[in-house]
Amino acid sequence: MNDKRYTKKHRARRLVRKYWFTFSGLLFLTVIVLCSLFAPSLSPYDPSSQSIANRFDVPSKQHILGTDAYGRDVLSRVLYGTRVSLLVGVLSVAFGAIIGIPLGIMTGYYGGRVDAIVVELLNVLMAFPTLLLGIMILALTGGGVTKVIAVIGFSLIARFARLSRSSTYKVRELPYCEAAKALGESSARIMFKHILPNMAAEIIVMATLWVPMAIQAEASLSYLGLGIRPPTPSWGGMIRAGTDALLYAPWVSIVPGIAIFISVLAFNIVGDSLRDALDPTKYGTH
Amino acid sequence: MWSYFARRILIAIPTIWFVVTLIFFGVRIIPGDPAIAALGAQANQQAINALRLQWGLDRPIMQQYFEFWQKLFMGDWGRSYRTSIPIAEMIARGLPFTLLLTAFNLTLGAVIGIPLGLFVALHSGSVLDKLGRIMSLAGLSLPTFFLGLIFLYFFGLKLRWFPILGGGSWSNPLDLIRHLILPGFAGGLFLAAYFTRLTRSGVLEVMGHEYVRTARSKGLNELVVIFKHVLKNVAVSLVTFFGIYAVVMLTANVLLEMVFSRPGLGSIVIKAIMGRDYLVLQSVMVVYTILVIGTNLIVDLLNAIIDPTINYE
C-alpha cells in the first residue's frame with residue numbers, strides 16, 4: 001500500500017517536473033478564474049467607492065496596491081477587471097466560433113462558387129487587424145461590453161471559418177466520410193457528426209490561443225477610450241486613467257498592466273502546450 | 287507570373303472600393319446625425335445647419351457618395367472641423383511619422399528575432415531553447431502600449447535618457463532617432479518575440495527535409511547548409527509574416543503614438559475620435575485601408591517572386 005502511494009507521488013512529481021511549464025500556466029489560469037469568480041469576496045473595497053481624501057494613496061496596509069485619482073482601491077478594481085477581461089475574451093471567441101465554424105465547414109464541404117466568394121470575403125476580413133476594425137466601429141457606435149464582444153468576435157469569425165474550412169477540405173475525402181455518404185447519411189449529419197469532431201482538438205487549441213488575443217484587443221480598445229466605459233473597471237481603461245499620474249502614482253497604470261500580462265501569458269502557455277501535444281515540432285505561429 | 291500580378295492588383299481595387307464605401311456609409315449611419323454628434327446636444331439648430339452644409343450632409347446620400355470619391359481622387363479631402371486645417375495636409379504630416387515607427391519596429395523585430403530564432407532552433411531541446419520559448423511567450427504576452435508606458439516611466443521620466451513626447455524634427459535626424467527609440471523598442475521587442483518563434487519553427491521544419499540531409503551528406507559546410515538551404519526556404523514564410531505584422535504594427539502603433547504623443551496617423555485618429563471630427567476619422571481610415579490592402583498586395587507579389595511553388599492559376 002505504502003509502495004503504491006510512493007509510486008503515485010513519485011509519478012506525480014515526475015509529471016510536474018516534466019511539464020512544469022504547462023502546470024505553471026494552468027496554475028495562473030486557475031488563480032485568474034478564481035479571482036474573477038470570487039471578486040466580490042476577495043476585494044477589500046467596493047471597486048467604485050470613491051474617497052477624494054485618499055487620492056493616489058501609495059500602496060500600504062489599508063490599500064495593498066494603492067488608490068487611483070478618485071481614491072478607489074486599485075486591488076479591488078483589478079480583481080473586478082478580471083471579470084470583464086475573461087468575459088470579453090471567452091465570449092468573443094465563442095461568438096467567432098459559433099458563426100465561423102459552421103460557415104467554414106459548410107463552405108469547405110460544398111465548395112463551388114459560394115465557397116470562392118466566402119473565401120474572398122474572409123480574406124478581406126482577415127486583412128483587417130482587430131484593432132482597426134474596433135476603432136472604426138466603436139468610434140462611431142460608442143463602447144460597452146456587448147459591442148466590444150461583438151466587434152472582437154466578428155473579427156474572429158474569419159479565423160474560425162478559415163481553420164474549419166481547411167480542416168474540412170482535408171477530412172471530407174477520407175474513407176470514413178465516404179463511407180458515411182455511401183450509407184446514405186445526410187450532409188448535415190456528416191458535417192457535424194463526423195467532420196466537426198475530427199477537427200475539435202485543433203479548434204480548441206487555436207481558441208485557447210485566441211482568448212488572450214481577445215483580452216489584449218479589449219485592453220487596447222479600452223486604453224484608447226473606445227472599449228469598456230468607465231466606471232466599470234477594465235484593465236485597459238485603468239491603465240489609461242493612470243497615465244496622467246504616471247510620475248507620482250505609477251501603480252495606477254502598472255498594476256493593471258501586470259494583470260493583463262499574467263492572464264495573457266497564462267492562456268498563451270496553456271494554448272502553446274496544447275499545441276505542442278498535438279504537434280511538438282511547431283511552437284511558433286498563431 | 288505577370289497575369290498573376292495583374293489579377294492580384296485587380297482584386298485589390300474592388301476590395302479598397304468595398305471597404306472605403308463601408309467607411310463612408312458607416313460614418314453616415316451614426317445614430318442621430320454626425321453634425322449633432324460632433325457639436326453635442328447643446329448646439330443650436332443654426333450651428334447644426336451650418337455644419338451640415340459644410341460637410342454636405344444636406345444633399346442626397348448618393349450625391350454625397352459620388353462627390354466623396356471625386357474629391358478623394360482630386361486630393362480635396364476637406365478640412366478638419368476642429369482645427370480648420372486641410373485633412374490632406376494633416377495626413378501628409380502624420381503619415382511619415384507612422385511609417386517611420388512601423389519600419390523601425392519591423393527592422394528591430396527582424397534583426398533581433400531571426401538570429402535568435404535560428405540560434406534556439408539549432409539548439410533545439412536545450413536549456414537555451416526552453417529559455418527562448420519562455421522569453422518569446424512573455425514578449426508576445428506584453429501589450430505594446432503597456433511596454434511603451436513602462437519604457438516611458440523608467441527611461442523617460444525616471445532616468446531621463448530619452449525624450450518622452452513628440453516625434454522629433456525631420457531637419458534633425460539625431461532628434462528624430464532619439465524620439466524613435468522608446469516606442470520603437472516597445473513595438474520591436476514584441477515583434478522580435480514573434481519572429482523568434484516563427485524562425486524557430488520554420489527552421490526546425492525545413493531541417494527535417496530530405497534536401498537538407500542530402501546537402502549535409504555531400505559534406506557541405508554547416509553554415510552553407512543553414513544559409514543556402516535552410517534560411518532561403520524559411521524566407522517565404524518570413525516574408526508573409528513580415529507583411530502580416532507590418533499591417534498589425536501600422537495599426538497597433540495608434541496605441542504607441544498615444545502613449546508617446548507622437549504626431550502620426552494614430553494621434554490624428556485619437557484626436558478625431560475625441561473631438562468627434564468625423565471627416566478626419568473617415569479620411570484617416572481610408573488611408574489605413576489603402577495601407578493595409580497595399581501592404582498585403584506587396585507581400586503577395588514578393589511571395590510570388592521568392593516562392594517558385596506558388597500556383598499562378
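Chains as they are written, first to last, in our numbering: chain A, 1 to 286; chain B, 287 to 599.
Even glycine gets a Cβ: it sits at the ideal position worked out from N, Cα and C.
Comparing alpha-carbon positions, the option among A:His63, A:Leu75, A:Tyr70 lying closest to Cys35 (chain A) turns out to be A:Leu75.
For Val58 (chain A), there is no enclosing alpha helix (DSSP H), as DSSP gives it neither H nor E. With the criterion set as a beta carbon lying under 7 Å from some beta carbon of chain A, the members of the segment 570 to 583 of chain B are Met571, Tyr574, Val578, Ile579, Asn582, in sequence order.
Listed in chain order, the positions of the segment 415 to 429 of chain B with a beta carbon within less than 9 Å of a beta carbon of chain A are Lys416, Arg419, Ile420, Ser422, Leu423, Ala424, Leu426, Ser427, Leu428, Pro429.
Take the alpha-carbon of Ala266 (chain A) and the one of Phe28 (chain A): they are about 6 Å apart. Counting C-beta atoms within 10 angstroms of its own C-beta, Pro549 (chain B) has 16 or more neighbours from the protein chains shown and is therefore classed as buried. When 8 Å is used as the limit between beta carbons, Ile559 (chain B) is near these residues of chain A: Ile135, Ala139, Leu224, Gly225, Leu226, in chain order. Beta-bridge partners of Arg365 (chain B) (DSSP): B:Pro372. Its chain contains Ser36, Ala39 as the residues whose beta carbon lies nearer than 8 Å to that of Arg83 (chain A), once the 5 sequence neighbours on both sides are disregarded; these appear in chain order.
It is roughly 51 Å from the alpha-carbon of Val525 (chain B) to the alpha-carbon of Tyr45 (chain A). Within chain A, the residues whose beta carbon sits less than 8 Å from that of Gly312 (chain B) are Met136, Ile137, Leu140, listed in sequence order. By the rule that beta-carbons nearer than 8 Å mark a contact, Met287 (chain B) does not touch chain A.
Collapsing the DSSP output to three states places Asp461 (chain B) in a helix.
When the Cα atoms are used, Phe481 (chain B) and Gly111 (chain A) turn out to be separated by approximately 34 Å. The C-alpha of Ser222 (chain A) is placed about 11 Å away from the C-alpha of Gly142 (chain A). One finds Leu131, Leu132, Ile135, Ser220, Leu224 in chain A with Cβ atoms closer than 9 Å to the Cβ of Val540 (chain B), taken in chain order.
For Gly529 (chain B), the enclosing alpha helix (DSSP H) stretches over residues 517 to 545. Exclusion of the five residues before and after Thr430 (chain B) leaves Ala472, Gly473, Phe476, Ala538, Leu541, Leu542 as the residues of its chain whose Cβ lies within less than 7 Å of its Cβ. Its chain contains Tyr19, Phe21, Thr22, Gly25 as the residues whose beta carbon lies nearer than 8 Å to that of Ser273 (chain A), once the 5 sequence neighbours on both sides are disregarded; these appear in chain order.
Scanning A:His10, A:Tyr80, A:Leu86 for the CA closest to the CA of Ser43 (chain A) turns up A:Tyr80. Per DSSP, the continuous alpha helix (DSSP H) segment holding Arg83 (chain A) begins and ends at 74 to 110. Pro449 (chain B) and Ala324 (chain B) have their C-alpha atoms some 34 Å from each other. With a contact defined as Cβ atoms closer than 8 Å, Gly71 (chain A) and Ser51 (chain A) qualify at about 4 Å. In the structure shown, the three-state DSSP call for Thr232 (chain A) is coil.
The beta carbon of Val533 (chain B) sits closer than 6 Å to the beta carbons of Val578, Thr581 from its chain, once the five residues preceding and following it are set aside; these are given in chain order. Within chain B, the residues placing a beta-carbon under 8 Å from that of Asn268 (chain A) are Leu423, Leu426, Ser427, ordered along the chain. When B:Val313, B:Trp288, B:Val413 are compared, the shortest CA-CA separation from Leu343 (chain B) is found for B:Val313. According to DSSP, residue pairing for Thr67 (chain A) in a beta bridge involves A:Asp73. CA-CA distance, Gly361 (chain B) to Leu588 (chain B), rounds to 29 Å. A contact between stretches requires three or more CB pairs, one per stretch, nearer than 8 Å, and the segment 128 to 143 of chain A fails this requirement with the segment 194 to 210 of chain A. Between Gly257 (chain A) and Ala214 (chain A), the alpha-carbon positions lie close to 15 Å from each other. Chain-ordered listing is empty here: chain A has no CB closer than 9 Å to the CB of Thr384 (chain B), the nearest sitting near 13 Å. Along the segment 433 to 455 of chain B, the positions whose C-beta sits under 9 Å from a C-beta of chain A are Leu433, Leu435, Ile436, Leu438, Tyr439, Leu443, Lys444, read in chain order.
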